[in-house]
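A.B. asks: What follows is a structure written as structure tokens; I'll ask about it next.
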Amino acid sequence: MSFKESECKEIVTLYNKNQITTEITKGPIVGGKKIIILEKSDKSNTRINVKWDIRVKGLIGLFTIIVKKHIFKGTEEALNRITYKVREEKT
Numbered sequence: 029m030s031f032k033e034s035e036c037k038e039i040v041t042l043y044n045k046n047q048i049t050t051e052i053t054k055g056p057i058v059g060g061k062k063i064i065i066l067e068k069s070d071k072s073n074t075r076i077n078v079k080w081d082i083r084v085k086g087l088i089g090l091f092t093i094i095v096k097k098h099i100f101k102g103t104e105e106a107l108n109r110i111t112y113k114v115r116e117e118k119t
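Okay, structure coming up:
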């Protein structure tokens, strides 16, 4: 995530091939994100769950709802692109 002339520091942890967490420790946004990949045992379907838990700091905090909507929309669009690409490769 970027805001004009701001610096962001994140700690990314890969727990196993099915879970990634990102802890945002510095910048205009603090908090984190958890990504969990759920596969069916027969590997016929995969579900990706993304959970954001963030807080916007400073003056930008006045626009928290707008910032969160923007981030969530970007996440949804990214997941849709992943879905499209996987389906495209299966055909």
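For reference, each letter of the sequence shown is one residue, going 29 to 119 in the numbering used here.
Backbone N, C-alpha and C define an ideal beta-carbon position, used for all residues, glycine too.
Only a predicted model underlies this, so the values are computations on that prediction, with no experimental measurement involved.
State the CB to CB distance for the pair G55 and S34, rounded to an integer number of angstroms; the pair is presumed to be in contact (CB under 8 angstroms).
C.D. replies: Their Cβ separation, rounded to whole angstroms, is 6 angstroms, which keeps G55 and S34 in contact under 8 angstroms.
A.B. asks: Can you tell me whether V84 is buried or exposed? The criterion is at least 16 other CB atoms within 10 Å of its CB, across all chains shown.
C.D. replies: Burial call: buried.
A.B. asks: Under the rule that 16 or more other beta-carbon atoms within 10 Å means buried, what is I39, buried or exposed?
C.D. replies: Label assigned to I39: exposed.
A.B. asks: Hey, quick one: how far does the beta strand (DSSP E) through T79 stretch, first residue to last?
C.D. replies: Reading off the sequence, residue 79 comes out as Lys, not Thr. K79 -> beta strand (DSSP E) spans T74 to V84.
A.B. asks: Does the region 100–112 come close enough to the region 64–82 to have 3 or more Cβ pairs within less than 8 angstroms?
C.D. replies: With a cut-off of 8 angstroms, the region 64–82 and the region 100–112 count as touching, because enough Cβ pairs lie within range.
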